[in-house]
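Asks:
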Amino acid sequence: RRTLYNLVKNAVEAMPGGGELTVETEDDGDMFLIRVRDTGVGIPEDIRDTLFKPFGSKKPGGSGLGLPSCRRVVVAHGGEITFESEVGGGTTFTVVLPKKAAA
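Per my numbering, residue 325 is the first one in the sequence shown, and the count goes up by one each step.
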C-alpha cells in the first residue's frame, strides 16, 4: 500500500500545473502488474541511474528515500519495479509482483 501511495504522490508532484494520472492493474498469468503513469515533467537523464538509491533523487523537498523504500518492499515480495520516462512527456512506473509470495 505504501509503495502505491509513494508512486502516486510522486506522480502528482511531477505535474505542478496539472495533468493526467493513470493507475492500471493487469493480471499477467503468474504475476500482477501495477502501472502508475503521469503526464508530468519526466525524470532527468542525469538521475535515472541513481533513482532507486538512497538520496538519489534531486527532487526539491524530497527525502531521497521514497523510491528506494518502494524498491526494497517490492523486491522483498519477489517482485521488481521499473520505469520509463521522457523529459517533458511523463513517466510510467511498473510494479510486477508474483501471485505467490516469495519463499
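We put the beta carbon where it would ideally sit given N, CA and C, even for glycine.
Quick caveat, the model's predicted, so the values are computed rather than measured.
1. For G390, report the span of its alpha helix (DSSP H) as first-last.
2. Quick check on the DSSP output: the beta strand (DSSP E) that includes E268 runs from which residue to which?
3. Since V411 and G366 should fall inside the 8 Å C-beta cutoff, what is the C-beta to C-beta distance between them, to a whole number of angstroms?
4. To which residues of the same chain is L421 closer than 6 Å at the C-beta, ignoring the five residues directly before and after it?
5. Do R361 and G414 have their C-beta atoms closer together than 8 Å?
6. Using DSSP's beta-bridge definition, name the partner residues of R359.
7. How should T296 be labelled, buried or exposed, when 16 other C-beta atoms within 10 angstroms of its C-beta is the threshold for buried?
Replies: A quick look at the data gives this:
1. As a first step, residue 390 must be located in the sequence shown, where it is residue number 66. Where G390 is concerned, the enclosing alpha helix (DSSP H) starts and stops at 390-400.
2. No statement about residue 268 is possible, as the shown extent of the chain runs from 325 to 427 and does not include it.
3. Looking up residue 411 in the sequence shown gives position 87. Looking up residue 366 in the sequence shown gives position 42. Cβ-Cβ separation between V411 and G366: approximately 4 Å, consistent with a contact (criterion under 8 Å).
4. Translated into positions along the sequence shown, residue 421 becomes position 97. Here the set comprises F356, H401, G403.
5. Locating residue 361 in the sequence shown gives position 37, where the first residue counts as 1. Locating residue 414 in the sequence shown gives position 90, where the first residue counts as 1. Judged by beta-carbon spacing, G414 lies within the 8 Å limit of R361, meaning their Cβ atoms are closer than that value.
6. By 1-based counting over the sequence shown, the position of residue 359 is 35. Note: R359 sits in a beta bridge opposite E348, T418.
7. A question about residue 296 goes unanswered here, because the residues of the chain that appear run from 325 up to 427.
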